[in-house]
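Enquirer: Here our numbering = 1-based position in the sequence shown + 10. Just so it is clear, CB atoms sit at the ideal spot from N, CA and C, and this is done for glycine as well. Predicted model only: the values in this text are computed from it and were never measured.
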Amino acid sequence: MSLRPLRFQFEIRYTNILNFNSVAREAISPFIKLASNIVIVNQGQLEEQIKLDFDSNWSLDVRWDRVIAISESDINVFQEETSSLNILFSILEQLSLAKSFGTIKDYLLFATFVKIVDQPIETITESFRTKFLKDNVFDIFKSDDYRITFEKTNDDKVTTVSIGTFSEKDLILKNIYTYIHQSPDSTDVGYIMDIKFYEKISKANYNLFKGLVRQANKSSEILNKI
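1) Just to confirm the assignment, what range does the alpha helix (DSSP H) spanning Q19 have?
2) Y208: which of D198, S66, Q225 and Y201 sits nearest, CA to CA?
3) Just grab the DSSP bridge partners of Y208 for me.
4) Kindly indicate the opening and closing residues of the beta strand (DSSP E) around I5.
5) What separation, rounded to the nearest whole angstrom, lies between the Cα atoms of I27 and D75?
6) Exposed or buried, L119, counting other C-beta atoms within 10 Å across all chains shown (16 or more means buried)?
7) I need the DSSP call for I236, collapsed to helix, strand or coil.
8) So what does DSSP say about N47, is it helix, strand or coil?
9) Please give me, in chain order, every unbroken run of the alpha helix (DSSP H) with length at least 4 that falls completely inside the stretch 61-115.
10) For the stretch 40-49 and the stretch 93-106, state whether three or more C-beta atom pairs, one from each stretch, are separated by less than 8 Å.
11) Leaving aside the five residues before and after I236 along the sequence, list all residues of the same chain whose C-beta is less than 7 Å from its C-beta, in chain order.
12) Per the DSSP calculation, R157 is bridged to which residue(s)?
13) I need the boundaries of the alpha helix (DSSP H) containing G221, first residue and last residue.
14) Would you call K125 buried or exposed, if buried means 16 or more other Cβ atoms sit within 10 Å of its Cβ?
15) Output yes or no for whether 8 Å exceeds the beta carbon distance between F123 and S230.
16) With DSSP collapsed to three states, give me the class of K125.
17) Let me check understanding here. Comparing Cα to Cα, which of S100, R35, A45 and L70 lies closest to Q53?
18) Inspect the beta-carbon positions of S46 and W68 and report whether they are closer than 8 Å.
19) For P130, does the count of other Cβ atoms within 10 angstroms reach 16, so buried, or fall short, so exposed?
20) In whole angstroms, give me the CA-to-CA distance for Y24 and S66.
Set out below in structure tokens:
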């Protein structure tokens, strides 16, 4: 059995920057040489977006109201401040120096973990049902694909954990087939977990991200108890 991080998305949101297209270029320019590709969407418009792709299998999307890091790599690779993800915080710092920058509003971390199990999908479903569902629920919804969601709200913070079973068809539908399979003929099945952390904040740094990674890893350990 194998538990592995699959992908993640990390956002820091701020109040709208009305002159974003001019402010962003100055903030992003030092890092263009590090990118393998750059795409500008809605160029010259109020809601312009600048996307940078990096060789370490992640991308950075800089917008007038947020910066977004998306990766198909193991989230733990970005734990160290020396990782390339530090570019996000460097750009955010430069944006915050602009007179037109207002305040940081909140963050969002979305991470997906999977546990590969060398068992038939029917056995996996039964194990999941026994752990989380009552018999009458199973009688109503006869399926080999289940998912349950837990949500906790505390002041300005929301934590959502969604756990379910997955098969090959689910991975294709979620567009993550190639991230997990080692070959087109692979028929891996198992359990999947989506974790979402949201909180209103006024400042952000790398320690925030590292703390969220630790929380995500701890939450994913639930999969090993199924």
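Expert: Taking the structure as given:
1) Position 9 of the sequence shown, counted from the first residue, corresponds to residue 19. In the DSSP annotation of this structure, Q19 is not part of any alpha helix (DSSP H); the continuous beta strand (DSSP E) holding it starts and ends at S12 to Y24.
2) Start at 1 with the first residue of the sequence shown, and residue 208 comes out as number 198. Ranked by Cα distance from Y208, the options D198, S66, Q225 and Y201 are led by Q225.
3) In the sequence shown, counting from the first residue as 1, residue 208 sits at position 198. Paired residues: L118 and V168.
4) In the structure as shown, the chain starts at 11 and stops at 236, and residue 5 therefore has no counterpart that could be examined.
5) Working through the sequence shown from its first residue, we reach residue 27 at position 17. Working through the sequence shown from its first residue, we reach residue 75 at position 65. Across the structure, I27 and D75 are spaced so that their CA atoms are roughly 7 Å apart.
6) Within the sequence shown, the letter at position 109 stands for residue 119. L119 is buried by the Cβ-count criterion.
7) Counted from its first residue, the sequence shown places residue 236 at position 226. In the structure shown, I236 sits in coil (DSSP, three-state: anything other than H, G, I, E or B).
8) Translated into positions along the sequence shown, residue 47 becomes position 37. Strand at N47.
9) Taking only runs of at least 4 residues, the alpha helix (DSSP H) segments lying wholly in the stretch 61-115 are 96-106.
10) Yes, they touch.
11) Within the sequence shown, numbered from 1, the residue matching residue 236 stands at position 226. Taken in chain order, the residues that qualify are S137, F138, K141 and Y201.
12) Taking the sequence shown and counting its residues from 1, one reaches residue 157 at position 147. Per DSSP, the beta bridge partners of R157 are G174.
13) Position 211 of the sequence shown, counted from the start, is the residue given in the question as residue 221. First-last of the alpha helix (DSSP H) with G221: Y216 to S230.
14) Indexing the sequence shown from 1 puts residue 125 at position 115. By the neighbour-count rule (16 or more Cβ atoms within 10 Å), K125 is buried.
15) Position 113 of the sequence shown holds residue 123. Position 220 of the sequence shown holds residue 230. With contacts defined as CB atoms closer than 8 Å, F123 and S230 qualify as a contacting pair.
16) Counting from one through the sequence shown, the residue named residue 125 turns up at place 115. In the structure shown, K125 sits in a strand (DSSP, three-state: E or B).
17) Translated into the one-based positions of the sequence shown, residue 53 becomes position 43. Answer by Cα proximity: R35.
18) Locating residue 46 in the sequence shown gives position 36, counting from the first residue. Locating residue 68 in the sequence shown gives position 58, counting from the first residue. No. Outside cutoff.
19) As a working mapping, residue 130 is identified with position 120 in the sequence shown. So P130 counts as exposed.
20) What you label residue 24 is simply residue 14 of the sequence shown in a count that begins at 1. What you label residue 66 is simply residue 56 of the sequence shown in a count that begins at 1. Approximately 26 Å between the Cα atoms of the pair.
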